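Undergrad: Going line by line, the protein sequences match chains A, B and C.
Under numbering that gives the first Met the number 0, read the first sequence as residues 0 to 798, first letter to last.
Under numbering that gives the first Met the number 0, read the second sequence as residues 0 to 293, first letter to last.
Under numbering that gives the first Met the number 0, read the third sequence as residues 0 to 171, first letter to last.
Questions regarding the structure given below will be posed in turn.
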Amino acid sequence: MSADPATFRFVSTNRRVREDRRFVAGHGHYVADVALEGMLHVAVLPSQHPAARIDSIDASAALAMPGVHYVLTGDELAAATDPLMNGLDTPLVKRHPLAVGQTRYAGEWVVAVVADSRALAEDAAEKVVVDYEPLPFVMHAEEALQPDSPPVHAAHGSNVLLDRTFVWGEVEKHFAESPRHLSFRVTWGRSSTVPIETFGVVASWDPWRDMLDVWASIQMPKYPDQIARALRIPANNVRVHQDVDVGGSYGVKRGIKQTVLVAHLARRLGRPVRLIEDRLDNMGGGDAHGPDRIFDVDLAFNDDGIVKSMKIRALDNAGAYAGRAPFQLGKPIGAIVGPYRMESVQYRAQSVTSNKAVQEAVRGFGQSPTNYAIETGIDKVAAATGLDRVEVRRRNFIRKEQFPYLIPSGSTYDSGDYHTVVDKVLAHIDFAAMERERDRLRGSGLLAGIGIAACLEPSGANSSFEPLLNEKNTTTTWMDSCRIVVDGLGFVTITIHNTSSGQGHETLVSTVVGEVLQIDPDLIRVVRPDSLACLPSNSPVGSRMAIMLGGAAFHAAQKLRTKLARIGAHQFGVGEDGVVYASGGVGVPGGKQLGWAELVNIAHRNYHLLPEGMEPGLETTHVMQVPTGGTLPKDGRVQMYPCHSFEFHVVLIAIDPAIGKPEIRRYVIGHDCGTVITPHIVKGMTLGGIAHGLGAALLEEFVYNDEGQLITQGFMDYLLPSAHEVPAVEIVHHCTPSPFTVFGQKGSGESGYLGAPAAISGAINDSVASLGISFNKLPIRISAIGDAIAAAQPAKSKE
Amino acid sequence: MKPAPFDYVRPDSLAEACELLAGDDDARVIAGGQTLVPMLAMRLARPARLIDILRLPELAGIREEKGSVVVGATTRQAQAERDPIIRASVPMLARVLPWVGHPPTRNRGTVGGSIANGDPSAEIPLVAVTLSAEIMLAARTGPTSMPAEEFFIGPMVTSIDQGQCVRAIRFPVWPHRRIGVGFFEVSSRRSDFAFVAAAAQVALDEEGRCLDIALGLGGVADRPLRLDMSSLAGTVVDAASAADAINAACADLDAMSDLHASATYRRRVAGVLCLRALEQARDNAAAKPAKGAR
Amino acid sequence: MKVDLRINGVSRTADIEPRKTLLDVLRENFLLNGTHAGCEHGVCGACTVLIDGEPVRSCLMFAVQADGYEITTIEGLAPAPGELSVIQDAFCETHGLQCGYCTPGMILSAHALLQRNVTPTREDIVEAISGNICRCTGYGQIIEAVQFAARLRLANTPRQAAQTDKSVAEAK
């Protein structure tokens, strides 16, 4: 809009990320570093059963131990607090921080023990005797869908949380008209973001001030409101300290259940209380798993590979409680056709409860699994028509001149130039040479394949999926905000109003404000006040902060600039239009000038020189609404996020057929997120997203056995990619600015992750296609590949 | 994830350590602790006492001793990895050590600890079994020893008695001039335990005939196995003869199955990696100059 | 149980339960919070410290076992308050981190590598940091940071012989 890229002083330049300095010195400030006088420690006791009635709890032996202060049960907590919020209108699916009456998954927290140290609390937890009566349980989504499956919540009546079919456009007509159809199923295994820091929270209650102080490793919109609501206390009695550094989140650090638990204990005991999940707590009962989803897809297309219509059914295994999991089926509606011109779509979104742990938001909020399904389909269309996979994508892509482009489900894509990104990537790679390399590898006795994925990263999040899936929810506001204060000596301080988990928000806002005010960003202080001193904001979700926090900072800086210009113009006796702002000063072209210090002095000390009616001092705020947001859904259609970044992955994989281990030989991604504000940050997020996607594709899964027990409870079995597994990645940049944002920026916080699983899966399937086999479930394990190859070539394996 | 309480004792001599261990069913030896401490943290092990043997002088050091190399139990894996004697005389051990855990765990983990832990997919026990090493034990009743093949009896189960601790491992040094080693393993990530690991050592005569041959398989069965390759002795090993010998040796292989790899996978890939390890060992041996050459 | 430790060149004493890991003692007894708990079972590397210069998991070591060693934590790496070491500065230059949680352990592993290998290859770097899991970066900018630090250190090493000149030239 108002900024011209050619004149950027700081935006898009390779500046350092200011947060890094404290982290490399070990001087971050994480929740586990918060140590309060008299603080007590919590350990939780997990359920051993996937489903069991709790007949009795005997805590006497635990309470008799020295140093043990309290044993909290679900019944006590449920009586004192309200249930945690559900996203959908499912009031009988009640969720409390500790199991009430029965347990619904192995690992669910049953009692919380409070002691002088975590070790003592663990000692005491072992002494708590719980009498269980095992109940029938259900682990698989398709079984849970059956009417006769054991209901996880008897009061709810069935395991179905959501079953909604959307029809956008003339699907049946388009299917009937299309000469070719294909159908397939793919399954996305239950994985998550699994940050290296677990969730942690410290709470302290001051009865003389009626104040609950909370320090937590959160990334949660409306966090203080939800705590207050559950605790039945006024929201202004909750003070969340947002200057806590969060050790990674990528979606999952929501922590309402943990915080309600700890806050209740702090109030009950009159002492500060902390719960830092250990890795077993986190993985078994921290309620931070991710999508666990089956897709059934039908495509209608023609001999030219043009896909006219799609039917897609997504069945998600939400786990034992609803939480926000069903919404992860809603957000992908905003990019349900990917980068393609499909004319109509039928989407059936089904979410069921099961006796697994609860899901939280995972990077992309359901978008990466959906992209995996769509991209697998596009590969299959190419195979069916005998066309090249890149060519099929090109033919179906929305063309540059078609933007803004309205997709059938109601979202308008802001901008893009997919063909050019693809061209740049293929030129960078020398795609023909890569194909020759693949053929050379094949000739040498290996299986080899190229994977392709093209997908979008909807960004600038609002929560349009909430009213879309729950009519009682009428939220259309999703603001973020920024305040700029210039003190009496002329130094600038920016306040931002949420937590950060590595996204570099301090760098973002100082860069933006420095750009607008034309002052050195490194001299700007950025602070995060506690929640009671905050402007209305949300949190860094849905790839929104470059757009929303960057936007709020931009507008606040513009207001400040305008104020300075008005002060200057007033001194010169000219109108606002008669002055020019430059590098912190204001002047009449070719005439008088006032510098930053003089303007600051007038604002702070010379009320007599201020224009009439102007407030003294130099402070501006801006509360920004999501661009294009603000309307409720109509007829099952809604504008989801405003901006749409594009990524195009090409990966070359080789597999030794006797072993089955996929080895990534080359990985290239084309990335267009509009104007890049801080190149270092965007690069890091993209590379990190690809590594995360590699994990989801090949390594990571929360696996439950037939007895309902989680068998990947720690890092020996839930496998995070190490430096050995992640390839060097080449990034090819392109910039198609968004018309809806201040610098043309789009989001990048989910980049890489949204297409990597599809691309890696595609490369493996290209490798084994000659054997007539394919893999349709993530993660694709070495053993599965090896066994399938051996089964496909029985004669050879005997050699 | 905090261990249950225990007492910690660090004896000054091996004799004192043995004295402390004798008759104390609740005591456990700790050295590097790289596998024991996680088990303590998860409370899967809960000894009343830990006897720390890491600094006992009797258990330290690597020395050559009449046709063998004796590796003290507390030798750090990283130290062994860099040790010139091991590189020269027990090349198979040097070859596998980079695959043991990752650098920080090798800096602290010991050779003896890996043996005592008895993980069926661990590399050091595999080498011990493949080379027919001798596990040297200490106890109040005096030093004893047993062949590695008898030492490992099941997953994380060894024939060590309460009251005993691993003193050292004696690896035989082959006297031949042309010796080659081969090693392959498959795991999810480089640092993970192997689904299948195969280690081979071959000695050739001047004509390329096999003078001695050892082949071991880890990760597949409930313990590391030494496969009988005696049929190849005295022959020129080629792919066909090696495959026959391996197929015969693996015929009744009882393979484990878990989340990460099926039994079918392990059994099949066992044959593949055994053959590759054997051929690599043979080729490495053949690359060494024959006697009298040059 | 009383234990005497040598941490970042300073002798410290603590009276602790034997079951307390070096990690917990560094954090709770000595308030050295730069060492982080990630998994507490020896896989993630967030708790990495240097023991006699070599990276070790402080969650896999009891503090009572740690006497007699030189223990270095991330707090011991900066030459002065507010002043970064070369490797720390290199991580800032390439943005070899995001949330910062794995960073202290990562930097200590990288520091130990550069102490014994002045011209590490990419493979050397990957191996050296392979025991430190980073969930944010995908490792790319971390590897760049270590490569950059290696170049800086070489360039700043006083040149004494032609041999050194050659290796500097090669490294560039």
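Every residue gets a Cβ at the ideal spot worked out from N, C-alpha and C, and that includes glycine.
Computed from a prediction, not measured in an experiment: that's the story for all the values here.
#1: Give the DSSP-derived three-state secondary structure of residue 58 of chain C in the structure shown.
#2: List the residues of chain A whose Cβ lies closer than 8 angstroms to the Cβ of residue 20 of chain C, in chain order.
#3: Let me see if you follow: with CB-CB separation under 8 angstroms, is residue 127 of chain C close to chain B or not?
#4: Count the other C-beta atoms from every protein chain shown that fall within 10 angstroms of the C-beta of residue 769 of chain A, then say buried if there are 16 or more, exposed otherwise.
#5: Nearest CA to the CA of residue 53 of chain C: which residue from B:216, B:104, B:180?
#6: Just to confirm my understanding: we take residue 156 of chain A, look at its own chain, exclude 5 residues before and 5 after, and list those with CB closer than 8 angstroms. What are they?
#7: Measuring CA to CA, which of A:776, A:735, A:784, A:754 is closest to residue 398 of chain A?
#8: Under 7 angstroms from any heavy atom of the ligand NAP, does the C-beta of residue 341 of chain A make it?
#9: Quick check on the DSSP output: what are the complete beta strand (DSSP E) runs of length 3 or more inside the region 459–526 of chain A, in order along the chain?
#10: Give the residues of chain C in contact with residue 155 of chain B, contact being defined as C-beta atoms less than 9 angstroms apart.
#11: What residues from chain C crowd round residue 666 of chain A, counting only those whose CB sits closer than 9 angstroms?
#12: Check each residue of the region 723–734 of chain A: if its Cβ is closer than 8 angstroms to any Cβ of chain C, include it; give the result in chain order.
#13: Can you tell me where the alpha helix (DSSP H) holding residue 38 of chain C begins and where it ends?
#14: At which residues does the beta strand (DSSP E) containing residue 47 of chain C begin and terminate?
#15: Compute the Euclidean distance between the alpha carbons of residue 568 of chain A and residue 575 of chain A, then round it to the nearest angstrom.
#16: By Cβ distance, which residues of its chain are closer than 8 angstroms to residue 0 of chain C, with the 5 residues on each side in sequence left out?
#17: Per DSSP, which residues does residue 674 of chain A bridge with? Please list them.
#18: Any Cβ of chain B within less than 8 angstroms of the Cβ of residue 101 of chain C?
#19: Figure out for me which residue from A:421, A:12, A:329 has the closest Cα to the Cα of residue 165 of chain A.
#20: Taking the straight line between their C-alpha atoms, what separation do you get for residue 19 of chain B and residue 146 of chain B?
#21: Of all the beta strand (DSSP E) runs that stay within the bounds of the region 174–207 of chain A, which reach a length of 3 or more residues?
#22: When you compare each of A:116, A:74, A:241, A:307 to residue 41 of chain A by their alpha carbons, which one comes out closest?
#23: Of all Cβ atoms in chain C, is any one closer than 8 angstroms to the Cβ of residue 278 of chain A?
#24: Under DSSP, the beta strand (DSSP E) around residue 173 of chain B begins and ends at which residues?
#25: For residue 8 of chain A, report the span of its beta strand (DSSP E) as first-last.
#26: Determine the extent of the alpha helix (DSSP H) in which residue 782 of chain A is found, giving its start and end residues.
#27: Name the one or two DSSP bridge partners that residue 592 of chain A has.
#28: If we count the other Cβ atoms within 10 Å of its Cβ and call it buried at 16 or more, is residue 235 of chain B buried or exposed?
#29: Within the 8 angstroms Cβ cut-off, does residue 97 of chain C reach chain A?
#30: Contact check, residue 534 of chain A vs residue 475 of chain A under 8 angstroms by CB: the rounded distance?
#31: Kindly indicate which residue of B:188, B:97, B:74, B:63 has the alpha-carbon position closest to the one of residue 182 of chain B.
#32: Ignoring anything shorter than 3 residues or poking outside the region 354–426 of chain A, list the beta strand (DSSP E) runs there in chain order.
#33: Could you tell me the alpha carbon to alpha carbon distance between residue 417 of chain A and residue 641 of chain A, rounded to whole angstroms?
#34: Which residue's Cα is closest to the Cα of residue 56 of chain A: A:111, A:4, A:32?
#35: With a threshold of 8 angstroms between beta-carbons, can residue 258 of chain B be considered close to chain A, or not?
#36: Since residue 190 of chain B meets chain D, which of its residues come closer than 9 angstroms, beta carbon to beta carbon?
TA: Straight from the coordinates:
#1: The three-state secondary structure of residue 58 of chain C, taken from DSSP, is helix.
#2: Identification of chain A residues near residue 20 of chain C by a Cβ-Cβ cut-off of 8 angstroms yields none; the smallest Cβ-Cβ distance measures about 10 angstroms.
#3: Output row for residue 127 of chain C: interface = yes.
#4: So residue 769 of chain A ends up on the exposed side.
#5: Of B:216, B:104, B:180, the residue nearest in Cα terms is B:104.
#6: Excluding five sequence positions before and after residue 156 of chain A, the CB atoms of its chain that fall closer than 8 angstroms to its own CB belong to 91, 150, given in chain order.
#7: When each option's Cα is compared against that of residue 398 of chain A, the closest is A:735.
#8: By its list of ligands, the structure shown contains no ligand whatsoever, and the ligand NAP lies outside what it can speak to.
#9: The region 459–526 of chain A contains, as complete beta strand (DSSP E) runs of 3+ residues, the segments 479–485, 491–495, 524–526 (chain order).
#10: Within 9 angstroms Cβ-Cβ: nothing; residue 155 of chain B doesn't reach chain C, min ~16 angstroms.
#11: Near residue 666 of chain A there are no residues of chain C at all, since even the closest Cβ is about 10 angstroms away, more than 9 angstroms.
#12: So the close ones are 723, 725, 727, 728.
#13: In the DSSP annotation of this structure, residue 38 of chain C is not part of any alpha helix (DSSP H), being labelled neither H nor E.
#14: Bounds of the beta strand (DSSP E) holding residue 47 of chain C are 47–50.
#15: Here the alpha carbons of residue 575 of chain A and residue 568 of chain A stand approximately 6 angstroms from one another.
#16: Closer than 8 angstroms at Cβ, skipping near neighbours: 14, 15, 16, 17, 63.
#17: DSSP output for residue 674 of chain A lists no bridge partner at all.
#18: No, residue 101 of chain C does not count as interfacial toward chain B.
#19: With distances taken between Cα atoms, residue 165 of chain A lies closest to A:329.
#20: Taking the straight line joining both Cα atoms gives about 26 angstroms.
#21: The region 174–207 of chain A contains these whole beta strand (DSSP E) runs: 179–187, 199–205.
#22: The candidate whose alpha carbon is nearest that of residue 41 of chain A is A:116.
#23: Yes, its Cβ sits closer than 8 angstroms to a Cβ of chain C.
#24: Residue 173 of chain B -> no beta strand (DSSP E), and no H or E assigned at all.
#25: Premise fails: residue 8 of chain A is in no beta strand (DSSP E) and is neither H nor E.
#26: If you look at residue 782 of chain A, you'll find it in the alpha helix (DSSP H) that goes 781–791.
#27: Partner(s): A:586.
#28: By the 10 Å Cβ count, residue 235 of chain B comes out exposed.
#29: Chain A contact via Cβ: present.
#30: Actually they do not touch by this definition, with Cβ atoms about 19 angstroms apart.
#31: Nearest C-alpha to residue 182 of chain B: B:97.
#32: Taking only runs of at least 3 residues, no beta strand (DSSP E) segment lies wholly in the region 354–426 of chain A.
#33: Rounded to the nearest whole angstrom, the CA to CA distance from residue 417 of chain A to residue 641 of chain A is 17 angstroms.
#34: With distances taken between CA atoms, residue 56 of chain A lies nearest to A:111 out of A:111, A:4, A:32.
#35: Output row for residue 258 of chain B: interface = yes.
#36: Considering every chain present, this structure includes no chain D. Its protein chains are A, B and C.
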